[in-house]
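J.: Residue numbers (the working numbering): 116 to 458. The structure that follows is given in the form of structure tokens.
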């Protein structure tokens, strides 16, 4: 809760940080020109707290994802801005006092994605960064991130609405794949056993290198399936066949099918839909007792998949150019084309 002295959102955030770090002055980097006034960076600033426990690390806090000052007219009355501020914990050497300033553009780029796309991050979300978290550590294995509530900063009420502190956690490529095939909660639970407070360590190995951890991930997938609803792809096009044929022609790209053989059955076998989103059209694979297909409107094709169809589809649709034919209550022709065809 914010105190009566918290006249602005920024006051409530500072109070929350004061409770965690009493009588501690962080190193703060502020923007010169605010984003709302034409500045290049969405965040007003980032504070760095130097921590010694449970291991030496920097605890970084953003300012600018929430409404720091006056309430914006027309914004959600119960949320402050996007409803969160970023946090990020970065491991450091015990004697290292050098501020990792690369975190500033790192957090601003994530903020820019939210402001430009209108899609806020939430706990459980994840993202492939398509390269090292920072060019300053080109050898790091961490190339993805997941999001979780900061374990030491609970949600707060501000004069502008409620907000929480959303921690960014660095992941390796293998860990990100495990998140997709299982869920963020399960993988982060295993990661926390070696990375307390989900501190990001740029020098660490993947937890999937450990046979016991890999076995627990596989057990989790077997027991719970995948929480990933679907994937965005470069090419997802479909067209219903004209009479007298009853069927549909589908075109997908190779890169979009990279994880299909694992994600698709991990959804359908647990009675969950799996979606493939293209730039303009969408495919919905829906568990069903009777095979079928129909145009649901707005560019959405629904395919009703029976249990006996799951494995044949999973095994056939690989990231290799080819044409496949299936009987799903009518002829379904799937053509897999190189992703480069979309570029």
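Even for Gly, the Cβ is constructed at its ideal location relative to N, Cα and C.
Can you give, in chain order, each stretch of the alpha helix (DSSP H) that sits fully within the region 191-237 and has at least 4 residues?
T.: Fully enclosed alpha helix (DSSP H) runs of 4 or longer: 218-232.
J.: Find out if the Cβ-Cβ distance for the pair residue 340, residue 385 is shorter than 9 Å.
T.: Yes, the Cβ-Cβ distance between residue 340 and residue 385 is below 9 Å.
J.: Verify the contact flag: residue 297, CB atom, against every heavy atom of the ligand PLP, threshold strictly below 8 Å.
T.: Of the ligands one can find in the structure shown there are none, so the ligand PLP has no counterpart to examine.
J.: With DSSP run on the structure shown, which of helix, strand or coil describes residue 297?
T.: Reduced to three states, the DSSP call for residue 297 is coil.
J.: Is residue 347 helix, strand or coil when you go by DSSP?
T.: Looking at residue 347 - three-state DSSP - the assignment turns out to be strand.
J.: What number of angstroms, rounded off, separates the C-alpha of residue 270 from the C-alpha of residue 230?
T.: Computed Cα separation, rounded: 21 Å.
J.: Does the region 349-369 come close enough to the region 318-334 to have 3 or more Cβ pairs within less than 8 Å?
T.: The answer is no - the region 318-334 does not touch the region 349-369, with fewer than three Cβ pairs under 8 Å.
J.: Exposed or buried, residue 215, counting other C-beta atoms within 10 Å across all chains shown (16 or more means buried)?
T.: The residue in question, residue 215, is buried, as its Cβ has 16 or more Cβ neighbours within 10 Å.
J.: Check whether the region 251-264 and the region 159-166 are in contact - that is, three or more C-beta pairs closer than 8 Å.
T.: No, the region 251-264 does not touch the region 159-166.
J.: To the nearest angstrom, how far is the alpha carbon of residue 212 from that of residue 422?
T.: Going by the C-alpha atoms only, they are around 57 Å apart.
J.: If you count every other CB in all the chains shown that lies within 10 Å of the CB of residue 413, and 16 or more means buried, which is it?
T.: So residue 413 ends up on the exposed side.
J.: I need the boundaries of the alpha helix (DSSP H) containing residue 335, first residue and last residue.
T.: Segment 326-339, the alpha helix (DSSP H) holding residue 335.
J.: Specify the secondary structure class of residue 380 as computed by DSSP and reduced to three states.
T.: Of the three classes helix, strand and coil, the one that applies to residue 380 here is helix, per DSSP.
J.: When we look at the beta-carbon of residue 314 and count the other beta-carbons within 10 Å, is it buried (16 or more) or exposed?
T.: Buried, because 16 or more other Cβ atoms sit within 10 Å of the Cβ of residue 314.
J.: May I have the straight-line CA-CA distance separating residue 461 from residue 352, to the nearest angstrom?
T.: This structure cannot speak to residue 461, because the chain is shown only from 116 to 458.
J.: Taking DSSP as the reference, what is the three-state secondary structure of residue 256?
T.: Residue state, collapsed to three classes: coil.
J.: Between the region 192-202 and the region 262-280, do at least 3 Cβ pairs fall closer than 8 Å?
T.: Yes, the region 192-202 touches the region 262-280.
J.: Just verifying my parser: in three-state terms, what is the DSSP assignment at residue 375?
T.: Reduced to three states, the DSSP call for residue 375 is helix.
J.: If you check the beta carbons only, do residue 433 and residue 372 fall under 9 Å apart?
T.: It is a contact, given that the beta carbons lie within the stated cut-off.
J.: Out of 437, 325 and 218, which one is the CA nearest neighbour of residue 365?
T.: Nearest C-alpha to residue 365: 437.
J.: Can you tell me where the alpha helix (DSSP H) holding residue 425 begins and where it ends?
T.: Run containing residue 425: 422-431, per the alpha helix (DSSP H) assignment.
J.: Taking the Cβ atom as the reference point for each residue, do residue 394 and residue 349 lie within a distance shorter than 9 Å?
T.: Yes.
J.: Is it the case that the Cβ atoms of residue 204 and residue 172 are separated by a distance below 9 Å?
T.: Yes, the pair counts as a contact, with Cβ atoms nearer than the cut-off.
J.: Sorted by chain position, which residues of the same chain lie with C-beta nearer than 6 Å to residue 186's C-beta, five sequence neighbours on each side aside?
T.: These residues qualify, in order along the chain: 275.
J.: Can you check whether the CB of residue 219 is closer than 9 Å to the CB of residue 280?
T.: No, these two residues do not count as a Cβ contact at 9 Å.
J.: When burial is assigned at 16 or more other CB atoms within 10 Å of the CB, is residue 513 buried or exposed?
T.: With the chain represented from 116 up to 458, any question about residue 513 goes unanswered, as that position is not in the structure.
J.: Is any beta-carbon of chain D found at less than 9 Å from that of residue 404?
T.: The structure shown has no chain D; it contains just one protein chain.
J.: Quick check on DSSP: helix, strand or coil for residue 134?
T.: Three-state DSSP puts residue 134 in a helix.
J.: With which residues is residue 412 paired in a DSSP beta bridge?
T.: According to DSSP, residue 412 bridges with 415.
J.: Is residue 170 closer than 9 Å to residue 210 when the C-beta atoms are compared?
T.: No, the pair does not count as a contact, with Cβ atoms beyond the cut-off.
J.: Would you kindly work out how many angstroms separate the C-alpha atoms of residue 448 and residue 382, rounded to a whole number?
T.: Distance between the alpha carbons of residue 448 and residue 382 is about 22 Å.
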